[in-house]
């Protein structure tokens, strides 16, 4: 397992995001984990990190405006939420070519291979998924190459361009039929 690979988790520090489970899982992992976000759970989560003596590996970065730059400094994103809406953080991480491990929420099940979905959400299942991914990181990069390509197409700009192309093609077909 490559201990030099860095992981990131991003979100509001609220119970539904289950950062407590992620932190608990980190007891068995040598890698660095950056937690980006703020919220009412911050004090409790920091206390959990101290109680588990993980201060050298788990770092709270607070609320940030440079998330895209932070993603570029990491190789893995872990999403431990019980519930998600669309999952924009996942999409941004995939567009930045991070390997993703996520609970089966939001768009995760539509984008990620089964091996990278956490189910059930327990500290043990999180640990196992991360250890497997970090041990087979080259395989993970091969698994994610087509996913990264697909994620790059899932932007507002790309959607607008495709919609305009569809309209242009439709107008041209209609005009050629009317001649």
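Residue numbers (the working numbering): 122 to 300.
Glycine included, every Cβ here is placed at the ideal spot set by N, Cα and C.
#1: Anyone know if the C-beta pair for residue 159 and residue 184 falls short of 8 angstroms?
#2: What are the residues that DSSP puts in a beta bridge with residue 247?
#3: Can you tell which of 135, 235, 290 has its C-alpha closest to the C-alpha of residue 265?
#4: May I ask you to report which of helix, strand or coil DSSP gives residue 186?
#5: So what's residue 228 in DSSP terms, helix, strand or just coil?
#6: So, does the segment 258 to 272 touch the segment 150 to 165, judging by three or more C-beta pairs under 8 angstroms?
#7: Residue 256 to residue 291, Cα distance in whole Å?
#8: Considering only their Cβ atoms, is the gap separating residue 210 from residue 142 smaller than 8 angstroms?
#9: By Cβ distance below 8 angstroms, which residues in the same chain neighbour residue 167 in space, the five residues on each side in sequence not counted?
#10: Using the beta-carbon count (16 or more within 10 Å), is residue 237 buried or exposed?
#11: Is the separation between the beta-carbon of residue 233 and that of residue 139 shorter than 8 angstroms?
#12: Can you give me the start and stop residues for the beta strand (DSSP E) that residue 212 sits inside?
#13: For residue 178, which residues of its own chain have a beta-carbon under 8 angstroms away from its beta-carbon, when the five flanking residues on both sides are left out?
#14: Hey, out of 194, 214, 172, whose CA is closest to residue 275's CA?
#15: Where does residue 251 land, buried or exposed, given buried means 16+ other C-beta within 10 angstroms?
#16: How about residue 222 and residue 239: are their beta carbons less than 8 angstroms apart?
#17: Once DSSP output is grouped into helix, strand and coil, what is the label at residue 135?
#18: So, at 7 angstroms on beta carbons, what are the nonlocal neighbours of residue 196 in its own chain, with the 5 sequence-adjacent residues on each side left out?
Once the coordinates are examined:
#1: Judged by beta-carbon spacing, residue 184 lies within the 8 angstroms limit of residue 159, meaning their Cβ atoms are closer than that value.
#2: Bridge partners of residue 247 according to DSSP: none are assigned.
#3: It is 235 whose Cα lies nearest to the Cα of residue 265.
#4: Note: residue 186 maps to coil in three-state DSSP.
#5: Here residue 228 sits in coil by DSSP.
#6: With the rule of 3 Cβ pairs closer than 8 angstroms, the segment 258 to 272 does not count as touching the segment 150 to 165.
#7: Computed Cα separation, rounded: 50 angstroms.
#8: Not closer than 8 angstroms, so no.
#9: Here residue 167 has 181 as same chain residues with Cβ atoms under 8 angstroms from its own Cβ, once five neighbours each way along the sequence are excluded.
#10: The residue in question, residue 237, is buried, as its Cβ has 16 or more Cβ neighbours within 10 Å.
#11: Contact: no.
#12: Careful: residue 212 lies outside any beta strand (DSSP E), inside the alpha helix (DSSP H) at 209 to 216.
#13: Cβ within range, chain order: 147, 150, 151, 152, 153, 154.
#14: 214 is the residue among 194, 214, 172 whose C-alpha sits nearest the C-alpha of residue 275.
#15: Flag for residue 251 reads buried.
#16: Yes, these two residues count as a Cβ contact at 8 angstroms.
#17: Three-state result, residue 135: coil.
#18: Within the same chain, residue 196 has close Cβ partners 126, 127, 219, 220.
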